[in-house]
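Asks: Quick one: the structure is below, questions incoming.
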Amino acid sequence: MNEMHRAWLGVVSANHTQRAVQGGFIQLNHGKRYGVARLRRGDGFAIYSPTELYGEKRPLRAFTALGVVADDAPYQAEPMSMGERGTIQPWRRRIEFLPVRRAMLRDVELELTRGANWGYQLRRGLVPLETADFDVLRDFMTSSSTE
């Protein structure tokens, strides 16, 4: 992987993350453009999943995917149903996802999680991530160790 200048953390349920990885894209905040428009080609992108299923209350608290932004601009996908929210045409970005294993929050030490009330910022759906934290996640999530 080339030297990265920026990294990001997206907040997405694990089941929606699986769809994103299979499709090679990321979509944030119910398909709104503003989040994905902040990303640049080559940026690191990690996904934190607070839950296994969207809307579920039981916590998962795991990093579930990791990759690199692979396009130059957001694009609009085909219209899709959001159930009671109606139909949207979501904005997305291409991501080259790495083959990784989940990393439980408790198993990694990150600069991101050192401050008090660190989780509050995750409510925005996309937060800047220190590149050193991205490296820690990449090393942990791509290792074959099962400690």
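In full-length UniProt numbering, the protein residues as written are 1 to 147. Yeah, the Cβ is synthetic: ideal placement off N, Cα and C, and Gly gets one too. These numbers were taken from a predicted model, which means no experiment stands behind them.
1. Determine, using beta carbons only, whether R102 and T64 come nearer to each other than 8 Å.
2. Hey, how far is the Cα of L98 from the Cα of G86?
3. Find out if the Cβ-Cβ distance for the pair V11, P50 is shorter than 8 Å.
4. Within the continuous alpha helix (DSSP H) that includes T137, where are the two ends?
5. So, for V136: in the same chain, excluding its five sequence neighbours on each side, which residues have a beta-carbon less than 8 Å away from its beta-carbon?
6. Mind checking which residues open and close the beta strand (DSSP E) that includes V69?
7. Assign A20 to one of three DSSP states: helix, strand, or coil.
Replies: Reading off the structure:
1. In the sequence shown, residue 102 corresponds to position 102, counting from 1. In the sequence shown, residue 64 corresponds to position 64, counting from 1. For R102 and T64, yes; Cβs fall inside 8 Å.
2. Looking up residue 98 in the sequence shown gives position 98. Looking up residue 86 in the sequence shown gives position 86. Cα to Cα, the separation comes out at about 33 Å.
3. Residue mapping note: residue 11 aligns to position 11 of the sequence shown, counting from 1. Residue mapping note: residue 50 aligns to position 50 of the sequence shown, counting from 1. Yes.
4. Residue numbering aside, residue 137 sits at position 137 when the sequence shown is read from its first letter. Looking at the sequence shown, residue 137 is not Thr but Leu. That run of the alpha helix (DSSP H) goes T131 to T142.
5. Taking the sequence shown and counting its residues from 1, the one referred to as residue 136 is at position 136. Closer than 8 Å at the Cβ level, and outside the excluded window around V136, lie V108, E109 and L110.
6. Position 69 of the sequence shown holds residue 69. Here the beta strand (DSSP E) through V69 covers P59 to V69.
7. Position 20 of the sequence shown, counted from the start, is the residue given in the question as residue 20. A20 falls in the helix class under three-state DSSP.
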